[in-house]
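Participant: Below is a structure I'd like to ask you about.
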Amino acid sequence: AQSVTQLDSHVSVSEGTPVLLRCNYSSSYSPSLFWYVQHPNKGLQLLLKYTSAATLVKGINGFEAEFKKSETSFHLTKPSAHMSDAAEYFCVVSGASGGSYIPTFGRGTSLIVHP
Amino acid sequence: DSGVTQTPKHLITATGQRVTLRCSPRSGDLSVYWYQQSLDQGLQFLIQYYNGEERAKGNILERFSAQQFPDLHSELNLSSLELGDSALYFCASSVDWTGNQPQHFGDGTRLSIL
C-alpha cells in the first residue's frame, strides 16, 4: 500500500521569502513522486516529478524538490515566493504498489502569499 | 494548455437525474483517469481506463459508470444524482497505465445538484 501526507494544510509567506511545502510518503516499492499545482477553477498542472534519477528535482516556475529516502520525504521549495504562486499544491505518490498503479494524492497545501 | 478537453464546464441539474461528462485526452495519451474533487473529501480517484479497457477502480459509486471509446475519448455517467454528488469532476490523461508518467488534467466539470 502507499500513502502520502502533506504536513500543512495552509502555508502563509510574504512575497520574496522562501517557500517550503512538506510531503511525506509511504510506499512498499520505489515510487514515482510528483508535485502538482492547482490555481482556482483550473485543473492540476505538473510542477515536477521524481523517478529515481537525481534526488534534487527542478521543476517549473523556480520550484524544486528533494527526494530523501531515509526520511521518506519529498518537500517542495522555492527561494523566493511570487504573488502568482498562491494556489493549492498536491503531492502525489505513484507506481507499482501491491499490484496497484493508482496515484495517491495528498490532501493539498494552500499557499498564501502576502504582498 | 494541457491538451485535455472536458465538456461541459458547468452542469446544473436536480436530484434523481442522470448526466454524462465527456473527456478528450491529450493527443498520444492512452490512459484516462477520472477524479472527484470536493471540499470535504479532497481529490478522490474514481476510475482509470487504458486503451479502451478498465484498468483500475477507486472510490466509484455503483451509480457511476464510465467507458473509454475506440477514439480514446471517455465518458463518465452519473445517475440517480444526490446532493452529495455536487463536486468538481476532473479527467486526466497519461501516456501509459503505470502511474510513473505525469498526468495531464482538464479544467474540470463543475456539477451542481439542486
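Chains as they are written, first to last, in the working numbering: chain W, 28 to 142; chain P, 1121 to 1234. In this text, a Cβ means the ideal position worked out from N, Cα and C, and glycines have one as well.
Run down chain W in chain order and give the residues with a C-beta less than 9 Å from the C-beta of D1227 of chain P.
Facilitator: Result: N68, K69, G70.
Participant: Straight-line CA distance for S30 of chain W to G135 of chain W?
Facilitator: Distance between the alpha carbons of S30 of chain W and G135 of chain W is about 13 Å.
Participant: With a floor of 3 residues, list each beta strand (DSSP E) that falls wholly inside the segment 1125–1185 of chain P, ordered by position along the chain.
Facilitator: Correct list: 1125–1127, 1130–1133, 1139–1144, 1151–1158, 1162–1170, 1173–1177.
Participant: List the residues of chain W that G1123 of chain P touches, going by C-beta distances under 7 Å, in chain order.
Facilitator: Per Cβ cutoff of 7 Å: no residues; G1123 of chain P is ~11 Å from chain W at best.
Participant: Please list, in chain order, all residues of the same chain as D35 of chain W whose beta carbon is under 8 Å from its beta carbon, the five residues on each side excluded.
Facilitator: Once the five neighbours on either side are set aside, the close Cβ partners of D35 of chain W are L48, R49, T136.
Participant: Could you tell me if G1216 of chain P is buried or exposed, where buried requires 16 or more neighbouring beta carbons within 10 angstroms of its beta carbon?
Facilitator: It is worth fixing the name first, because residue 1216 of chain P is Asp in this sequence and not Gly. Counting Cβ neighbours within 10 Å, D1216 of chain P comes out exposed, since fewer than 16 surround it.
Participant: Please confirm whether G135 of chain W has its beta-carbon closer than 8 Å to some beta-carbon of chain P.
Facilitator: Yes, contact with chain P.
Participant: Going by the beta-carbon positions, is the gap between G1226 of chain P and V1124 of chain P smaller than 8 Å?
Facilitator: Yes, the pair counts as a contact, with Cβ atoms nearer than the cut-off.
Participant: Counting contacts by CB-CB distance shorter than 8 Å, is S59 of chain W in contact with chain P?
Facilitator: True, the Cβ-Cβ gap to chain P drops below 8 Å.
Participant: Does any CB atom of chain P fall closer than 8 Å to the CB of Y128 of chain W?
Facilitator: Yes, because at least one Cβ of chain P sits closer than 8 Å to the Cβ of Y128 of chain W.
Participant: Any Cβ of chain P within less than 8 Å of the Cβ of S121 of chain W?
Facilitator: Output row for S121 of chain W: interface = yes.
Participant: Pick from P:D1149, P:L1201, P:L1234, P:T1135: whose alpha carbon is nearest that of Q1223 of chain P?
Facilitator: Out of P:D1149, P:L1201, P:L1234, P:T1135, P:D1149 has the C-alpha closest to the C-alpha of Q1223 of chain P.
Participant: If you check the beta carbons only, do C1211 of chain P and S1199 of chain P fall under 8 Å apart?
Facilitator: No. Outside cutoff.
Participant: By DSSP, does S111 of chain W sit in helix, in strand, or in coil?
Facilitator: The answer is helix: DSSP assigns S111 of chain W an H, G or I state.
Participant: Residues of chain C with a CB under 7 Å from the CB of N1220 of chain P: which are they?
Facilitator: Annotation note: the requested chain C is absent from the structure, which comprises protein chains W and P.
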